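Report on the structure given below.
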Amino acid sequence: MNEIDSKSLPENAYQPLKPGERYLPIVPAESTEAELTLRSVFWGIVFCIVFSVASAYSALKVGQGMEAAIPISILAIGLARVYRRRTSLLENVIITGIGAASGSVVAGAVFTIPALYILHLDPHPVQTIFICLAGGCLGVLFLIPLRRYFVREMHGQLPFPEATAITEVLVTGEQGGSQAKLLLQATAIAGIYDFIVTTFHAWKEYLDFQFVPVIRMLADKGRMVFSFDAIGFILGLGYVMGLRSALVFCAGSILTSFVLVPMIWFIGSHTDIALYPAMMPISKMTAVEIYRNYVRFIGVGAIATAGIIGILKSLRVVAGSFGIALHAFRHGEAPHTERTDRDIPVVSLLLGVVIGAICVAIFFGRLQVSWTVLALGLVLTLLFSFFFTSVAANAIATTANNPASGMTMLTIIISAVVLLSFGLSGDTGMFFVMAIAGMVCTALCVSGQFITDLKAGYWLGSTPAAQEKVKFVGVIAAAVTAGLTIILLAHVYQFGEAAPGDTRQILAAPQASIMKALVVGFMNNQPVAYILFGIGAMVTIVVEMLGKSSMVFALGIYLPLGLTSPVLAGGLMSHLINKRSDKTGGEQGGKIRERGVIIASGLMAGGALGGVLGASLRLFPWYREDLIQTPFYLNNPVSQSVSILLFAGLCFYVWFYAVKKDKV
């Protein structure tokens, strides 16, 4: 019993600390529990390689990668029981951290590198791997100084949805008993539910309610479209975020769907002239096309500005972190740096950045460009990588959504405009810009995922320095594996669209196709929609002036309402269950709150597993979405009504098992 009690998160794990209060993790700072071992590193690398191959193929084929962290944490728990000496909690953190690098490196790679093949620039295998490797390492290096701010200083103020799910999975796996059964039950329910709805034609996943005449009329005449992605993963995500963050998150999408898109439609619906940056008249656009051609750039400007503000807010803590490190460099042991707050030495950090910069400069120099262009490319790469590291960390910490596509687009646009002014164009210019974008995109994807590792480690009592060291191992394994996988697939398949006379099968590579079109357009001297970026920046400034979280709101502008509306449903469930917990009070009230988080974590874990399995099936030639199709699937009123009832059933399940009284 004592062992189980010792493996429970403290009561203040998810709450802001009172003045003078400290957070004490499950594994105390003075503990010598096994952590960085051969076993943990070996299995982390194995999982990293496997998930890198699967995720790269899946993302190129269907545009859907595999989020690896939660599935790997579950695998780590199962693996723990295979050995005579059971794998420790901190070893499981190391396994998860190394393995999870797969999803983040692949996410950065598939946005940009396949575009080089679509453009017939055919990068050398060493170049392909280097772009992944350099970006991943820069993402890790630039995040380390920000760790104390996001992980310690903002304790209880940022929800960290994915880190919460991973932590609850690892802790509950250690506990066993009724809590583990509840986690497994929620995981199984969400896994089956999300797998069926996202993989086959059983019932509608996306709801638009346009079978209702009034809603249909608003969509047709005003381009006011409501949408709702009814899956368990997002319900759990919203629960962990909480009602306040979910409201701000959804508010951004409401501004997009019911203000910005209809306003642009109203202004442009009477003309048949295409207005830049769109290539078709607004009068012929759907709501989705208006968003993609105009509003998306407003979202990018809003996120970028929120990132700048986030960096300014974190400067004090970052400076303090470097102050501690410099004190250690000058006087030996740093003051008050206990094991759970110890980063890799500042000298190693700075040396890593210098070596990385030199390697990137050599890479650019091999492209036979001028010294001026080389210097500009290096500055842009380092500047964007550092800047977007903060953006990604903030975004993941608040909503578990990394705005990789928007930030990569911004990198391509600014880099192309700057480098064009110095005479760089043509094939060399496109390769140069896409290489910058590839490194930056990989850096921000890796840093966003790494902040999740560090927060989970903080809750559990890991050594940050150990997590930081092995993250480089994961990045190397993922970069080599993902790079080789993309190279292999490029020889077997065509990326994007079919080329004349090429009979190979096609892998859609949708993200890279968008980036390819963008770089071609800007390297051909097309104008930049500065006004749209500026509008987004002003929206963020207004939100900050109102004292609200601008990053959460900006992400809501960028992401579709279909994603943020179910997050709001999860936030509402969290609010209702926490109110019941407060009303019940005492030990029973605390158990209600704890069970709610465990169930939500199970929904996220199960949804991730269901998504991975569904993505895996899409890799087989025999797979079709209509392999399983219900008779009512194509009947929108019935199919969407069934989806509403099933999603409501998920909500009832969360409520019932969270407030359920323990058996005496």
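Just so you know, we're using this note's numbering here: the sequence shown kicks off at 1036 and counts up by one.
Ideal Cβ positions, reconstructed from N, Cα and C, are used throughout, including at glycine.
Quick caveat: nothing in here was measured; it's all calculated off a predicted structure.
Is the beta carbon of residue i less than 8 Å from the beta carbon of residue j?
i: Thr1147; j: Thr1443; result: yes
i: Arg1120; j: Tyr1493; result: no
i: Phe1423; j: Val1381; result: no
i: Ala1103; j: Cys1480; result: no
i: Val1260; j: Ala1254; result: yes
i: Cys1172; j: Phe1507; result: yes
i: Met1608; j: Tyr1274; result: yes
i: Gly1336; j: Ile1570; result: yes
i: Leu1218; j: Val1232; result: no
i: Glu1056; j: Val1062; result: no
i: Cys1167; j: Ala1472; result: no
i: Glu1503; j: Ile1179; result: yes
i: Asn1437; j: Ala1427; result: yes
i: Phe1177; j: Ala1478; result: yes
i: Thr1520; j: Ala1135; result: no
i: Leu1338; j: Ala1589; result: As written in the sequence, residue 1338 is Ile, which differs from the Leu given in the question. Yes; because the gap between Cβ atoms is below 8 Å, this pair is in contact.
i: Ser1497; j: Glu1070; result: yes
i: Phe1682; j: Ser1674; result: no
i: Thr1416; j: Pro1060; result: no
i: Ala1564; j: Gly1483; result: no
i: Leu1644; j: Ala1435; result: no
i: Ala1150; j: Lys1551; result: yes
i: Ala1144; j: Cys1394; result: no
i: Val1632; j: Thr1199; result: yes
i: Val1414; j: Val1468; result: no
Out of curiosity, what's the CA-to-CA distance linking residue i and residue j?
i: Gly1208; j: Ala1635; result: 15 Å
i: Ala1547; j: Ala1281; result: 30 Å
i: Ile1486; j: Ser1425; result: 10 Å
i: Ala1512; j: Ala1432; result: 25 Å
i: Phe1530; j: Ile1522; result: 11 Å
i: Asp1040; j: Ser1123; result: Legend: pLDDT at Asp1040 = 42, less than 50; position of this residue unreliable, value from coordinates given subsequently. Asp1040 and Ser1123: Cα-Cα distance of roughly 16 Å.
i: Gly1441; j: Val1117; result: 43 Å
i: Ile1029; j: Gly1509; result: The structure shown does not extend to residue 1029, since the chain spans only 1036 to 1699, so no value can be given for it.
i: Leu1652; j: Tyr1658; result: 6 Å
i: Glu1660; j: Ile1227; result: 16 Å
i: Leu1596; j: Ala1322; result: 12 Å
i: Leu1347; j: Phe1419; result: 15 Å
i: Ala1410; j: Val1505; result: 31 Å
i: Val1161; j: Tyr1311; result: 38 Å
i: Gly1367; j: Glu1373; result: Bear in mind that a pLDDT of 47 at Gly1367, under 50, signals an unreliable position, so the number given afterwards is only what the model happens to contain. Spanning the two alpha carbons is a distance of roughly 14 Å.
i: Ser1137; j: Leu1295; result: 37 Å
i: Lys1695; j: Ser1616; result: 11 Å
i: Asn1671; j: Ser1678; result: 10 Å
i: Ser1600; j: Phe1284; result: 9 Å
i: Leu1567; j: Met1573; result: 10 Å
i: Val1249; j: Lys1239; result: 20 Å
i: Met1036; j: Val1206; result: Its pLDDT being 34, under 50, Met1036 is placed unreliably by the model, and the measurement read from it follows with that caveat. Using only the alpha carbons, I get a separation of about 15 Å.
i: Leu1095; j: Asn1047; result: 42 Å
For residue i, count neighbouring C-beta atoms within 10 Å of its own C-beta (all shown protein chains included) and say buried if the count is 16 or more, exposed if not.
i: Ile1308; result: exposed
i: His1305; result: exposed
i: Phe1268; result: buried
i: Phe1687; result: exposed
i: Tyr1593; result: buried
i: Asp1488; result: buried
i: Trp1300; result: buried
i: Val1602; result: buried
i: Ile1397; result: exposed
i: Leu1685; result: buried
i: Ser1318; result: exposed
i: His1159; result: exposed
i: Trp1406; result: exposed
i: Gly1591; result: buried
i: Phe1490; result: Looking at the sequence itself, residue 1490 is Lys, so the reference to Phe does not match. Lys1490 should be labelled buried.
i: Leu1044; result: buried
i: Leu1680; result: exposed
i: Pro1106; result: buried
Is residue i near the ligand ZN, with its Cβ less than 7 Å from a heavy atom?
i: Ser1066; result: Because no ligand of any kind appears in the structure shown, any question about the ligand ZN cannot be addressed here.
message: Counting beta carbon pairs with one atom in the segment 1614 to 1626 and one in the segment 1256 to 1271, are three or more of them shorter than 8 Å?
response: no
Those runs of the alpha helix (DSSP H) which lie wholly inside the segment 1142 to 1196 and span at least 4 residues: 1160 to 1178
message: Under 8 Å: do the segment 1276 to 1294 and the segment 1181 to 1198 share three or more Cβ pairs, one atom per stretch?
response: yes
- request: Taking 8 Å as the threshold, find out whether the segment 1219 to 1231 comes into contact with the segment 1626 to 1644 through three or more Cβ pairs.
  value: yes
message: Give the list of continuous beta strand (DSSP E) stretches no shorter than 3 residues that lie fully inside the segment 1079 to 1121.
response: none
task: Ignoring anything shorter than 4 residues or poking outside the segment 1374 to 1449, list the alpha helix (DSSP H) runs there in chain order.
output: 1381 to 1400 and 1406 to 1434
query: Taking only runs of the alpha helix (DSSP H) that begin and end inside the segment 1489 to 1532, which ones reach a length of at least 4 residues, in chain order?
result: 1499 to 1527
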